[in-house]
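Visitor:
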Amino acid sequence: MLDIRNLRIEATSYPPGEAPRHVVLVDDVSVAVAKGRVLGLIGESGAGKSTIGLASMAYGRGGVRLTGGEVWFNGRDIRQADAGALRKMRGHEVTYVAQSAAAAFNPAWRLMDQVIETSLLHGLMTRAEAEARAVALFRKLGLPDPENIGRRYPHQVSGGQLQRVMTAMALCPKPDLVVFDEPTTALDVTTQIDVLAAIKEAIRDTGVAALYITHDLAVVAQIADDILVLRGGRQVEYGTTDAIINHPSQAYTQALVSVRSIDHVEKVSSEPVLTVQNVTARYRGTGFDVLKNVTVDVAAGQTLAIVGESGSGKSTLARVITGLLPATAGRISFAGRVLSPDLAARTKDDLREVQMIYQMADTAMNPRQTVGTIIGRPLEFYFGFRGAEKRAKVQALLEEIEMGRGFIDRYPAELSGGQKQRVCIARALAAKPKLIICDEVTSALDPLVADGILKLLLELQVRENVAYLFITHDLATVKAIADKIAVMYRGQVVRYGSKTDVLTPPFDDYTDLLLSSVPEMRLGWLEAVIGSRKMESAGN
Amino acid sequence: MSSELNHLLKQAVAGRMNRRDFVGRAGALGVSAAVAGTMLTTAARADEPVKGGLLRAGMQGGESTNTLDPALAASEVPYVVSMTYGDMLVDVSPSNEIDYRVAEEISSSPDAKVWKFKIRQGVEFHNGKTLTIDDVVATLKRHTDEKSQSGALGIVKGITEIKGEGDMLTLTLADANADLPFLMADYHLVMQPGGGVDSPADGIGSGAYKVTSFEPGVRIAFEKHANYWDSSVGHADQVEIIVINDNTARTAALQSGQINMMNRVDPKIISLLNGAPGLSVQSAAGRGHYVFIMECTKAPFDNNDLRMAMKLAINRKEMVDKILGGYGSVGNDFPINSAYPFFDETIPQREYDAAAAAEFYKKSGHDGSPIILQVAEGAFPGAVEAAQLFQQSANAAGIPLEIKREPDDGYWTNVWNVAPFCASYWGGRPVQDQMYSTAYLSTADWNDTKFIDPKFDATLIAARGELDPVKRKAMYSELANNVRDNGGLILPMFNDFVEIVADSLGGWLQDPNGELMNGKALVKCWLKA
Amino acid sequence: MSRIPLSALIGLVITGAFFFLALTAQWVAPYDMAAIMGGVWDPISSEHWLGTDAIGRDLLTRMIYGGQVTIFVATCSTILSFVLGSILGFTAATAGGWVDQVMSRLVDLVMAVPTLILALVILTAVSVSVPTLIIVMGLLDSTRVFRLSRAVAVDITVMDYVEAARLRGEGQRWVIFNEILPNALSPLVAELGLRFIFAVLFISTLSFLGLGVQPPLADWGGLVKENATGLVYGIPAALAPAICIAVLAISVNLVADWVLARTTSLKGGRGG
Amino acid sequence: MHPILKLVAQRLALGLLLLWAVSLLIFFGVEALPGDAAQAMLGQSATPVALANLREQMGLNDPLVGRYLHWLGGFLTGDLGKAMTNGQDIAKSIGQRLGNTMFLAFWAAIISVPLAITLGLLAARYNGRWPDRLISGVTLATISLPEFVAGYLVLYVLAVKLHLFPSMAMIFPGMGVFERLHAIILPVIVLVMVVLAHMMRMTRAAILNVMQSAYIETAELKGLGPLAVIWRHAFPNAIAPVVNVVMLNLAYLVVGVVVVEVVFVYPGMGQFLVDHVTKRDLPVVQACGMIFAAVYIVLNILADVISILANPRLRHPK
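Residue numbers (our numbering), protein chains in the order written: chain A, 1 to 540; chain B, 541 to 1069; chain C, 1070 to 1341; chain D, 1342 to 1659.
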């Protein structure tokens, strides 16, 4: 039904103030989707998977153009089709499920109106029929209160539910093909699994073909019939899911499959550098505590991983420790001394010895400062290094984070995601801290890159004997790096101890849910988990 | 017919040019005398008064702060308003004779100290009430009351007793004054029911038109006063004054036919307008004059040689051309011109004479430090430019004249009558005595040149009581020469009233007594059929 | 920087030319500004390229000097308003809390009274001179700059790198001048252009209402006023300065638009 | 209490506070200026005696604070007092002028607002193509033209040369609506020229800004046509900024038209205020200032409320 032959996609980008750049996004990719089949497109960011997905709707973002090959859909080459014909096709024969439903829904409209918009626009059915179908889909996708949820506005619905509504929107006009663009990436693991299941079921029942785009092989393994592995716009490997997962032939694919291969043996606990005792905190003007009576400590030169889903308060804990959000109760002592709860009241050394690395490296660096300035500032600020001396030290640091001295005069915009994060690490190191707070430092990165960062962090920990407070929602990462783990849920620590203790049964319900929700790279895992959960719920 | 001939004809009909001149200049355009003559007569015949219609004047000089109280009238619009809805005892005719209005007969005691005014019968106010002697007395009393803010206070304060019996009003004066009838024509002295004591601003008068709508600073509308006693005036059914302070807008309004006449024409555009179809420029030599005043009591101007140097160092002709666009006449350093009765034409005209000026300047022994002339735009139109011209001519004579520009705001309070040397404007007065008494008598409030000369004062007082015209003229001539040669007044120019009327307007006459035919244009003119 | 769109290029050239003339007026102008050397509104001739003005001064000369006054006053007041407005705006944004509240409310207060009226009230009383003009206009305009720079700064202060600087223990001045200012610059520069135009139009309007600089000095607005009466008779004298105002405004606008276009891709954006 | 009502209440309270502050500003501001009503009125004929008389009569000799409180008392009881200069009842005289101003502003707005928004949408639709350039170019020119120049040009061409419309916009009581409309055509044209550009550019900018959002892509992938995308999906989310700039310009139409009034001799608030400012007629200046400030504040509140209503997040909190 969809048949892409030696597709070539190019784009011209206009960086402000610079000469336009000409880039090839996708080159010589051929792939086919038969009716009712699901094709998984996998690859890192920049692999061109989304571009191909949109290409199958003959749509190009910004200056993107299809410059070669053919895209046959329902028996016609849509590269030749005119705007009118394309418009007829889009939203009717092919529909699209975007990565972030929260952004992809028009905030000014009620959900129902958006869900049925295309069905009415293309005159496929009457409003009544459309709404009936929408409600049916809502129910199938396991949305609460399917009759009325359509009357809500996007902001009134949770991210997981929005993603399902989006799926319903895509399925409503009875399309032949649905393009799923990372539909679960933005979700928490525990939510992701449900959405995943719902999508899979919906696809099976409606019998549509699907193009499923993701960077997470484990996820795609659960849902796709065939998988196309992409890298840098070229196809690496193409085969059935079973073939790709169990017998990958290409080195790159193997790397993807065996990702998270770091085995980190936890160190024996030593005396703590940071102790957080019965800390409670709330934001100004709000009525409830975001942190309730939290007690953890970080041993010198070791890593405490704080695990939890969004809203569990793990990032808040970081803000409390740094003093950005003064604790209302409890006490934080660091390197033998008590830290004042308020940032303003802390000594220069307090500030220096606790450093922070952010999730979004781009917003963590001033776009108007060079790498040299960014890394150099702490050196200057804390140790008063200037001029050549400072420059030398910065270059030393660059070496340390495995980047060339040449980067010293670059601007953040000129760096890749991984490089940016490394620079942030260097900036933290420059202060010679005893503790670095890492807030989701890898979650914005592609798996392989993330691995690199983790490895670097581990090495640095050994070399500099610095402790990490490692905040993440990704258990794989935790397994890879932590010495101790604290599981947080709704502002409280529900499970806390050494890695092995925390990760070995018996579990409390939440930890169990959390652990069981992490996608595993084997076929049928999804069914297994869902099945077992059903049984449990049936059991009690 | 060529536009120029057309223009000449208009001028002639409007009375700006006598028949002989017209025929002469028409001849210059190649029109035979006979043709020109007939032309004029036909044009003139087409000039009989026409009744009815709506007459509109577009005027500068009105603010939304104006009031209908004639006592407080200060700027042009209130002045014309008073003249339109109100009558005084008398008017002054364009030819400087007494034109009887509410009074129909005047007589005085030989010493000109007691004056009798016979009040006209059957004059009716707009509210239907008949005007009585009591109204007249009350009106004059209101203006003579020391506490009133009346603009006429200075004029009538010489009156010691106001008496009315039957139809005869008797005014007794402290000092003799042969000009009293002229003073009674002052536009503040509008006859009001009960003297307007209770409601001065109700706009009820006895004039040819009654106020129907008063929007200060915007529009004042009148309609004919049906029972007005004098049928020779008040031709239009309705008249309107529309306040248009912006020059361009005013002219545009006239051109697009929304108004029939306008005051205060910007001299710059006159040359452009002469050619314009359907309009004619009317200018009347008035008594208003633009002046630079030196205070004779303050250094360095306490030195008459220096004063003379300054007087000789100004180029009057250039000023008239550049500042007044030619619509004015050169001054002669005394505040009187031909518009006044008893004017002495024989007094020699003072010319610009750099050499003589330099001479006097040397003689004065001035130390050469800059002489500061303080001036503001508001002093008179083009004051700053005039000052610049003065500076150029004075510097040419080696006199270190410098200009200091002052803000308009508060100029009359903070600079005029305070600074030793500044620019000013005088509107003129109906008679010489009044002009001199207001600003040159040693004791006058507004003696802005601080000209103090007992002999001058004595002659001025004597002239007031002098009923013999010949003697009187001689006296005034003496006063003029005195001010001219010893005073602190530099008078470069008298400004004309320059106005534009549409051809649709009939009955226009030149009147030196004030703008828009001494404020009577709406009352005396008519719309041609 | 390498490729400037044609429109912006034109804008730059013209603006540059105007500023050049303004700077070199004394040498470029053919005659003395105040010298009366012809009749009233003489037509265009070889010795008077634009004819003469309402009292016979060379119009071209008047225009060149007028440009000098207009541009000088506009520039100074714009600079004043920016230095004042942006510093206060940034302070308000970074300080936040009651400081921000007080400042913002005060600005609201001033803005609640129409600018022109405010200017009229002040200028009718204090004697009008170039410095007073600059100060009055600068102060009045700084309120708007305050609003913009505050908005931009607020957008920036939420960035992680500002938080990082705070965590490092940097002081207020460093945060304002090293973290915020560089990123707020481009939108501000764009606004600078627009403000400059408003200043030009504003001073022209003031002069038109008779509250401009003092004769014989005259800015373009004043020149329009001086010669406006001629307009009704097709005397172009008034149009020349009017056109100058418009052309200058347009060309600066073109440049501003371009700067704006370049900055929208940037974090902080217009900041409203 | 519903958050919107709450917010409106807050804004109103704040507005009143602001209004009060404005009254202080104007009163003591005008007082601080050199010169006073008596001086301004008497002008050249200001003898010390007359000055003293008038000051006494105008009550300029009473203590400042006392006068302010007296004014405030009157104002709160709805009595604007009488003008110092001509003793006219302020409420009455302003009422008429305000009516005129509103009349002019109303028609200018009726024409300019829809026009501006339509043009803005078009410009956004053809972003970067010739319609956009044309529209932007023209509006740019109009925004760069000083009001009085625009005024004179229009006046010269339409009134003096072509005799199409009256050059003066005289309107007065007893004039029919159509007469009035005919009278104000020119000033309306000029005002539209003045405010159009600003609103149009903001509309365009706001739309283009929204066009960056992901849901616009969703809409396009739904197969909607460009205009449908802009009108149905972009515009509803661009309302807030547009409304704000519209309100700003409406306020301008009411409080900022002095120049146009001067050029076309229109009896509006602006000219009225200027006259009294130069005459230092404090009560009138005060009253006008309050009205202007009130207009500005009310319009701002209105803008806030509308943009809130346009935003479901605030309209329907979770």
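Think of the CB as a built atom: it goes at the ideal place given N, C-alpha and C, for glycine as much as any other residue.
Going along the segment 1578-1612 of chain D in order, which residues come within less than 7 Å of chain A, judged by CB to CB distance?
Guide: Asn1578
Visitor: Determine the direct distance from the alpha carbon of Met1172 (chain C) to that of Arg1332 (chain D), and round the result to whole angstroms.
Guide: Lying before the first or after the last residue shown, residue 1332 (chain D) is absent from chain D, which here runs from 1342 to 1659.
Visitor: Would you mind working out which of B:Val590, B:Leu794 and B:Asp719 sits nearest Asp973 (chain B), comparing C-alpha positions?
Guide: B:Asp719
Visitor: Is it true that the segment 807-826 of chain B meets the segment 614-633 of chain B, where meeting means three or more beta-carbon pairs spaced less than 8 Å apart?
Guide: no
Visitor: The segment 1292-1324 of chain C: which residues have C-beta closer than 8 Å to a C-beta of chain B, in chain order?
Guide: Ala1297, Thr1298, Gly1299, Leu1300, Val1301, Tyr1302 and Ile1304
Visitor: Measure the alpha-carbon distance for Ile1452 (chain D) versus Ala1581 (chain D) and round it to whole angstroms.
Guide: 20 Å
Visitor: Report the CB separation of Pro272 (chain A) from Asp297 (chain A) in whole angstroms; it is logged as a contact under 8 Å.
Guide: 4 Å
Visitor: Would you kindly work out how many angstroms separate the C-alpha atoms of Asn717 (chain B) and Glu637 (chain B), rounded to a whole number?
Guide: 17 Å
Visitor: Does the CB of Ile1079 (chain C) have a neighbour CB from chain F at under 8 Å?
Guide: Any reference to chain F falls outside this structure, whose protein chains are A, B, C and D.
Visitor: Tyr749 (chain B) and Val779 (chain B) - do their beta-carbons sit closer together than 8 Å?
Guide: yes
Visitor: Comparing alpha-carbon positions, which option in A:Glu353, A:Met166 and A:Thr500 lies nearest Ala1555 (chain D)?
Guide: Checked all of A:Glu353, A:Met166 and A:Thr500; the closest Cα to Ala1555 (chain D) is A:Met166.
Visitor: Pick helix, strand or coil for His22 (chain A), following the three-state DSSP scheme.
Guide: strand
Visitor: Kindly say whether Pro756 (chain B), judged by its beta-carbon, lies nearer than 8 Å to any beta-carbon of chain D.
Guide: Closer than 8 Å to the CB of Pro756 (chain B) there is at least one CB belonging to chain D.
Visitor: For Ser1648 (chain D) and Val1583 (chain D), I'd like the C-alpha separation in whole angstroms.
Guide: 9 Å
Visitor: How many Å lie between Arg368 (chain A) and Pro1251 (chain C) at the Cα?
Guide: 6 Å
Visitor: Would the segment 1131-1147 of chain C count as touching the segment 1191-1208 of chain C if we require 3 or more Cβ pairs under 8 Å?
Guide: Three or more beta-carbon pairs separated by less than 8 Å link the segment 1131-1147 of chain C to the segment 1191-1208 of chain C, which places the two stretches in contact.
Visitor: Can you tell me whether Ile1245 (chain C) is buried or exposed, with buried defined as 16 or more other CB within 10 angstroms of its CB?
Guide: buried
Visitor: Quick one, which of D:Met1552, D:Gly1492 and D:Met1540 has its alpha-carbon nearest Leu1460 (chain D)'s?
Guide: Checking every option, the nearest Cα to that of Leu1460 (chain D) belongs to D:Met1540.
Visitor: Taking the straight line between their C-alpha atoms, what separation do you get for Asp861 (chain B) and Arg827 (chain B)?
Guide: Cα-Cα distance, rounded: 18 Å.
Visitor: Label Phe1151 (chain C) either buried or exposed according to how many other C-beta atoms from any shown protein chain fall within 10 Å of its C-beta, with 16 as the threshold for buried.
Guide: buried
Visitor: So, with DSSP's three-state summary, where would you put Asp181 (chain A)?
Guide: strand
Visitor: Along chain B, in chain order, which residues have C-beta atoms closer than 7 Å to that of Thr1426 (chain D)?
Guide: Thr605
Visitor: Buried or exposed, going by whether 16 or more other CB atoms sit within 10 Å of the CB of Thr240 (chain A)?
Guide: By the 10 Å Cβ count, Thr240 (chain A) comes out exposed.
Visitor: Determine the extent of the alpha helix (DSSP H) in which Cys836 (chain B) is found, giving its start and end residues.
Guide: Careful: Cys836 (chain B) lies outside any alpha helix (DSSP H) and carries neither H nor E.
Visitor: Using DSSP's beta-bridge definition, name the partner residues of Tyr594 (chain B).
Guide: It is worth fixing the name first, because residue 594 (chain B) is Leu in this sequence and not Tyr. Paired residue(s): B:Gln778.
Visitor: Okay, do the segment 790-800 of chain B and the segment 760-773 of chain B touch, 3+ Cβ pairs below 8 Å being the bar?
Guide: Segment contact: the segment 790-800 of chain B against the segment 760-773 of chain B, fewer than three CB-CB distances shorter than 8 Å; contact not assigned.
Visitor: For chain D, is any of its Cβ atoms less than 8 Å away from the one on Phe105 (chain A)?
Guide: yes
Visitor: For Gln1330 (chain C), would you say it is in contact with chain D, using Cβ-to-Cβ distances shorter than 8 Å as the test?
Guide: Just to set this straight, residue 1330 (chain C) is Ala in the shown sequence, not Gln. It does not: the Cβ of Ala1330 (chain C) has no partner Cβ on chain D nearer than 8 Å.
Visitor: Is the beta carbon of Leu41 (chain A) closer than 8 Å to that of Gly546 (chain A)?
Guide: No answer is possible for residue 546 (chain A): the residues shown for chain A start at 1 and end at 540.
Visitor: Report the option in C:Ala1161, C:Gly1120 and C:Glu1116 whose CA atom is closest to the CA atom of Gln1361 (chain C).
Guide: Given a span of 1070 to 1341 for chain C in the structure shown, any question on residue 1361 (chain C) remains unanswerable.
Visitor: Classify Thr295 (chain A) as buried or exposed, calling it buried when 16 or more other Cβ atoms lie within 10 Å of its own Cβ.
Guide: exposed
Visitor: Give the DSSP-derived three-state secondary structure of Arg1339 (chain C) in the structure shown.
Guide: Low local confidence applies: a pLDDT of 28 at Arg1339 (chain C) is under 50, so the model's placement there is unreliable, with the coordinate-based value given in what follows. Looking at Arg1339 (chain C) - three-state DSSP - the assignment turns out to be coil, as it is neither helix nor strand.
Visitor: Listed in chain order, which residues of the segment 66-93 of chain A have Cβ atoms closer than 8 Å to some Cβ of chain D?
Guide: Leu86, Arg87, Lys88, Met89, Arg90, Gly91 and His92
Visitor: Check the Cβ-Cβ distances between Asp786 (chain B) and every residue of chain D, and say whether any is below 8 Å.
Guide: yes
Visitor: Could you tell me the boundaries of the alpha helix (DSSP H) in which Val930 (chain B) lies?
Guide: Just to set this straight, residue 930 (chain B) is Phe in the shown sequence, not Val. Phe930 (chain B) -> alpha helix (DSSP H) spans Ala923 to Ala936.
Visitor: Is the beta carbon of Ala761 (chain B) closer than 8 Å to that of Ser753 (chain B)?
Guide: yes
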